[in-house]
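Student: This structure is in structure tokens; I'll ask about it shortly.
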Amino acid sequence: MDQFLKRCFYHSGQYNSEDHFSELGSKLREKEGGKLSNRLFYLSIPPNIFVDVVRCASLKASSKDGWTRVIVEKPFGRDSESSSELTKSLKQHLTEDQIFRIDHYLGKELVENLSVLRFSNLDFEPLWSRNYIRNVQIIFSEDFGTEGRGGDFDHYGIIRDIMQNHLLQILALFAMETPVSLAAEDIRNEKVMRSMRPLELENVVDNKF
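Just so you know, we're using the working numbering here: the sequence shown kicks off at -11 and counts up by one.
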């Protein structure tokens, strides 16, 4: 941990300031010491400032001799239209293979190991089908609230914040067909979102506490 912390530093600046990102680029070059380096920008920030950060980073702080990639955390837009518009805006500065949209929930140990549990376990794999499973219940329960992010939560709501990303991703991993391998791209190709029957309103119970 000490060796890792020695590599960490803070740099403050404005999201939309090219000058501040230019300073960040200089600081990174100083830390890299002239070595060939890749740069990965992890954006756990509100989606309305994704484009400003990507624009400034790509212009002033991207790697000159290695690759530059950007990870964007959910929520990626508020709906299908705004998500498509956000993608279009980001592609003015990056190519598709430089953009990684992630759901941090998939990094939880139990979720991360679900595919291995299903497809690498000789006891589970043959039984994991509609012939042996009567129903699947996904229960999301946390012991904390929206402290510190009430504004964002009020804007997006529980369905966008939890259900359409975290829970659907778990459902997709649970119901997917056996992938060619456990590589990320093969798993993505076997997810079953297109095969899911759309929910009807009469089958949804909406409540609050």
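Glycine is no exception: its CB is placed at the ideal position from the N, C-alpha and C atoms.
#1: Could you give the DSSP three-state label for I87: helix, strand or coil?
#2: Rounded C-beta distance between K15 and H(-1)? I'm assuming under 8 angstroms.
#3: Could you tell me whether the Cβ atoms of A45 and F29 are closer together than 8 angstroms?
#4: Mind checking S169: buried by the 16 CB within 10 Å criterion, or exposed?
#5: Any chance you could list the beta strand (DSSP E) runs of at least 3 consecutive residues sitting entirely within the segment 41 to 105, in chain order?
#6: With DSSP run on the structure shown, which of helix, strand or coil describes F162?
#7: At a cut of 8 angstroms, does the segment 109 to 126 reach the segment 41 to 59 through at least three beta carbon pairs?
#8: Under the rule that 16 or more other beta-carbon atoms within 10 Å means buried, what is V192, buried or exposed?
#9: Mapping the DSSP letters down to three states, classify L115 as helix, strand or coil.
#10: With a threshold of 16 other CB atoms inside 10 Å of the CB of P35, please say whether the residue is buried or exposed.
#11: Apart from the five residues just before and just after N153, which ones in its own chain have a Cβ nearer than 6 angstroms to its Cβ?
#12: Which value, in whole angstroms, describes the spacing of the CA atoms of I17 and I87?
#13: Give the straight-line distance between the Cα atoms of G21 and S71, rounded to the nearest whole angstrom.
#14: Less than 8 angstroms separating the beta-carbons of V124 and F162?
#15: Classify F(-8) as buried or exposed, calling it buried when 16 or more other Cβ atoms lie within 10 Å of its own Cβ.
#16: State the start and end residues of the unbroken alpha helix (DSSP H) segment that holds L31.
Tutor: According to the structure data:
#1: strand
#2: 6 angstroms
#3: yes
#4: exposed
#5: 56 to 61, 87 to 90
#6: helix
#7: no
#8: exposed
#9: helix
#10: buried
#11: K62, D91
#12: The question names Ile, yet the displayed sequence has Arg at residue 17. Straight-line Cα distance between these residues: approximately 22 angstroms.
#13: 38 angstroms
#14: yes
#15: exposed
#16: No alpha helix (DSSP H) holds L31; the beta strand (DSSP E) holding it covers 27 to 31.
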